[in-house]
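To start, the structure under review is shown below, and the notes come after it.
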């Protein structure tokens, strides 16, 4: 394709004068009757380097025979180059630049238009005539398309002022002969012979005006003495290409048909003494009359020279003799050998030139021991254009016979071979003059051998042509631009084949560190080069890809940045929890000092950790593209992570923010007082204030009347006693006001809890439960349905858990076996709570049927659809004693604290989802010391500190000195610490302290029995973190004096009336109720409130405050009606 385009380009360069050429051709045809020969002085188109196709020469027909003899290149009307038709097809095809008769260049005829080329048949390279000094006259030729003169022959011709030499070069020099003779004239010149002119009639030949017979150099052969007996005077002269004319020379040939005529043939005019060459030449001859003969070397007549042989020849009888290179020659050179046949007129046996009638035949034999010379055109080397190669052979003695070659690309060809003796080609192709094509981006190797006419054969010559038309262009299709610990990878192609190197650093393809090398084909699939990470330095690394084609070197560079420094993610805004209004913008940023630069930032808004896969793809999160508008109200956990371009990943950065209104408050509890209601609620994170909306109709809205406050509880006053009112709470901060909480209702009342005589209700009997159905009761009020819910260890049902559901006055009770398929003793020590979110009642027990591990029984609030959950989370046997169930409705978790006998009687926390799944056990270790171990199984009280997000517990040791300890942990059981709350006192063995939160003062209140002195109790207060503990010993009556009299003390906070209600069993296990002032002193005291039930009516008990009706509800294991250890469930209302 490249050569086709090249030839088309050359053809197009001829277009400017095609009209001129066609016009001349038409004229030629009209004038010559259609003859193909060119008329005299027709312009010749010469290829030039200027690209304007100017006329650079003119054909000259010197002898007027209608055939051009040469080319005039300098407009002086003389031939500068000889032309000829070598194959007789009437089309000129050859240029002889120096008149030696050897074809040097070629003429190409296209569309009857001639141009000059280095190869035959319009092949090879354009032969460009170069006018380097711009004087309008070319000085030489460009043969390889490099726009410079390779052959300065035209300049040499112009500078030649030495005349040529002309001579008779045939053996038959002037003399007397019996028949017409073939004579050869030759013209020799140091630069270039041009023309020979001769006459045979004795007249002087002349070039101007032209007189004589004309021929181009180097020689001309013709017959003389064809006109019969007589003398013929030959005169001859020659002219060189510069116009210099030789000396006029002459000679006389005499024809005498009466003397013998010799006919002879020569097997070879050339011999050689070289091995394998033609060592001898055989001469065969005869004569037309019987005669004697003498054969002589170097004779001018039959009496001179050296006689080689003599004898008698019969008419027509062939004679022969050999001429040897070693015996007939002393060295290289040319000799004239002569055969003289004579009529011996005086019969003396000796040829006497002046007497005898002598006929002669002369022939030349040349000894040539020197092999010919091969000349390539152009010479071997490197070329930037497609270069076609021609070869010429020169031999100054015998003359060249043939050239034979073999070609190969990118490898050495086999040696060509010629049989020296007869010229048979044994291996190779005979060079015919058609140039040999080279190939692009390749080493074309040509081996050549030549033979001369004497049989001398050259040694094999190797000519290498490196052709490279273009510099390789390298295309990088992909590059792993940034790396951390992985290797670099470059995918690339080259448009030219060659050898390649991949280098690290350096300024060119000869410097830097070589990482890879090899060969590459043009185009095709990508070459993937791996750059080992270990070879790279931190920062930018320049990788150079070099491709060397046959000559040219192309290269390109890519940069690979090694960055092993992790980027830094940051949350620019918001930078605090807030709250912030809806529409606040979240802005993240990434900084990278490792050099590759930040690539991607991911973020999440749901608290999950954003992250990338190992391949850099997104595992979790959203791609950050700019400021993110936070349009959803709520607490949002912002998390960001960044990746730099090398794949290094930052750590996760987090920020919790509150957007928009806070969530509605949870845990709404209403407590009635005289013309007032206290509304309690759990704190909302970030809230700065709260509002209680109320109405006497159920449709509470933000248009209803309201009371504001900054903390729970908020009192609503000025209400009418006995009139039902409805209440809902909102939380407020900078983000706005939350939606309304769930609505609670109650009626203000003058009733004050714990101030009236007790009313007894037999709950077990009302629902037909047995005599031992009321063990270890635990009670809670459902604030939605205003129902009293009591869980017991039902001894009448194999100690399985039971649920009793009643109105707050103890009527309309229902009983439910909630054991859900669990076995006997599965309901020990129940602890009850309410899941307001899921609408469930929850009961935690010590499940002895499961090796005393903790269990959870979960039912609808109406006691239906119960299910059992093993919440032991893989803990050991006896890990679930004295469970205390807490419902964390803020975080939607169940917390069950137990005395864990599987681990040295320590405290354990079982934390589960609200449905009892995904439980995790955490052992509560505060610090080293005995307070972490040996906890009494009867001694545990625990509450939630929602203000600080803490779990707080009070527990006593199981051995002397019977101390109480305060435990403070995170809600997941971690980060615990403990404090000695004994204040140096010793308490009754296995007597449980009780813990209650006073939301008014923001203090923990604890009451325990068994002070060192007298009958009294210890009243303690502390900050929520356990600090600033104060202890007050208070004397009271009917207090237990030994461990055997009680196991539990229950506190309830009557915040409406500013009192702490303490309930314990005394004076033979009857209800004792103390109304305590905030300092722990007794404001009022009611003894033996057994409503006629008597002793043992309060063997085990719990209490709840009925804020709806202003009543204290005491649930007991009532054993007053039996002498056994059995007891029913009783309710005391006062």
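In this note's numbering, the protein residues as written are 94 to 1227. Glycine included, C-beta positions come from ideal geometry on N, C-alpha and C.
C-beta contact flag for residue i and residue j at 7 Å
| i | j | result |
| --- | --- | --- |
| residue 435 | residue 484 | no |
| residue 93 | residue 828 | Residue coverage of the chain in this structure runs from 94 to 1227, which leaves residue 93 outside it and unanswerable. |
| residue 403 | residue 431 | no |
| residue 237 | residue 480 | yes |
| residue 704 | residue 632 | no |
| residue 214 | residue 527 | yes |
| residue 185 | residue 175 | no |
| residue 395 | residue 446 | yes |
| residue 754 | residue 831 | yes |
| residue 760 | residue 1093 | no |
| residue 550 | residue 511 | yes |
| residue 311 | residue 279 | yes |
| residue 635 | residue 598 | yes |
| residue 1187 | residue 1175 | no |
| residue 1169 | residue 1089 | no |
| residue 848 | residue 814 | no |
Contacting residues, own chain, Cβ-Cβ under 7 Å from residue i (five flanking each side not counted)
| i | result |
| --- | --- |
| residue 728 | 749, 751, 778 |
| residue 996 | 1016 |
| residue 659 | 741, 742, 743 |
| residue 154 | 133, 160, 161, 162 |
| residue 625 | 580 |
| residue 356 | 378, 379 |
| residue 903 | 854, 856, 1224, 1226 |
Endpoints, beta strand (DSSP E) assigned at residue i
| i | result |
| --- | --- |
| residue 1179 | 1175-1179 |
| residue 694 | 691-697 |
| residue 1159 | 1152-1159 |
| residue 991 | 986-993 |
| residue 947 | 946-953 |
| residue 647 | 646-655 |
| residue 155 | Segment: none, residue 155 is in no beta strand (DSSP E) and carries neither H nor E. |
| residue 1146 | 1143-1147 |
| residue 1211 | 1204-1211 |
| residue 926 | 921-928 |
| residue 314 | 312-317 |
| residue 1058 | 1057-1063 |
Own chain residues within Cβ distance below 6 Å of residue i, not counting five before or after
| i | result |
| --- | --- |
| residue 1214 | none |
| residue 989 | 937, 947, 976, 978, 1003 |
| residue 45 | As displayed, the chain neither begins before 94 nor continues past 1227, which places residue 45 out of reach and without an answer. |
| residue 273 | 316, 318, 319 |
| residue 766 | 1149 |
| residue 1212 | 1189, 1192, 1220 |
| residue 805 | 773, 774, 1092 |
Integer-rounded CB distance, given that residue j should sit under 8 Å from residue i
| i | j | result |
| --- | --- | --- |
| residue 567 | residue 646 | Contact doesn't hold; Cβ gap of about 11 Å is too wide. |
| residue 823 | residue 889 | Going by Cβ atoms, the distance from residue 823 to residue 889 rounds to 48 Å, so no, they are not a contact pair. |
| residue 607 | residue 596 | 6 Å |
| residue 865 | residue 1219 | 4 Å |
| residue 956 | residue 881 | Actually they are not in contact, since the Cβ atoms of residue 956 and residue 881 sit about 12 Å apart, beyond 8 Å. |
Enclosing alpha helix (DSSP H) for residue i [first to last residue]
| i | result |
| --- | --- |
| residue 1241 | The displayed coordinates of the chain run from 94 to 1227. Any statement about residue 1241 would go beyond what the structure contains. |
| residue 425 | That residue, residue 425, is in no alpha helix (DSSP H); it is neither H nor E in DSSP. |
| residue 857 | 856-859 |
Neighbourhood of residue i by C-beta, 8 Å cutoff - its chain only, sequence neighbours within 5 removed
| i | result |
| --- | --- |
| residue 276 | 261, 263, 265, 314, 315, 316, 317, 327, 346 |
| residue 1021 | With a pLDDT of 40 at residue 1021, under the threshold of 50, the modelled position of that residue is not reliable, and the figure given next carries that caveat. Once the five neighbours on either side are set aside, residue 1021 has no close Cβ partner at all. |
| residue 53 | As displayed, the chain neither begins before 94 nor continues past 1227, which places residue 53 out of reach and without an answer. |
Counting only runs of 4+ residues fully inside the region 245-306, write out the alpha helix (DSSP H) ranges in chain order. 246-252
Which runs of the beta strand (DSSP E) fall wholly inside the region 679-750 and span at least 3 residues, in chain order? 691-697, 711-713, 721-723, 727-737
Please specify which runs of the alpha helix (DSSP H), each continuous and at least 4 residues long, are wholly inside the region 343-421, giving them in chain order. none
Quick check on the DSSP output: what are the complete beta strand (DSSP E) runs of length 3 or more inside the region 778-852, in order along the chain? 782-788, 798-802, 807-810, 818-826, 837-839
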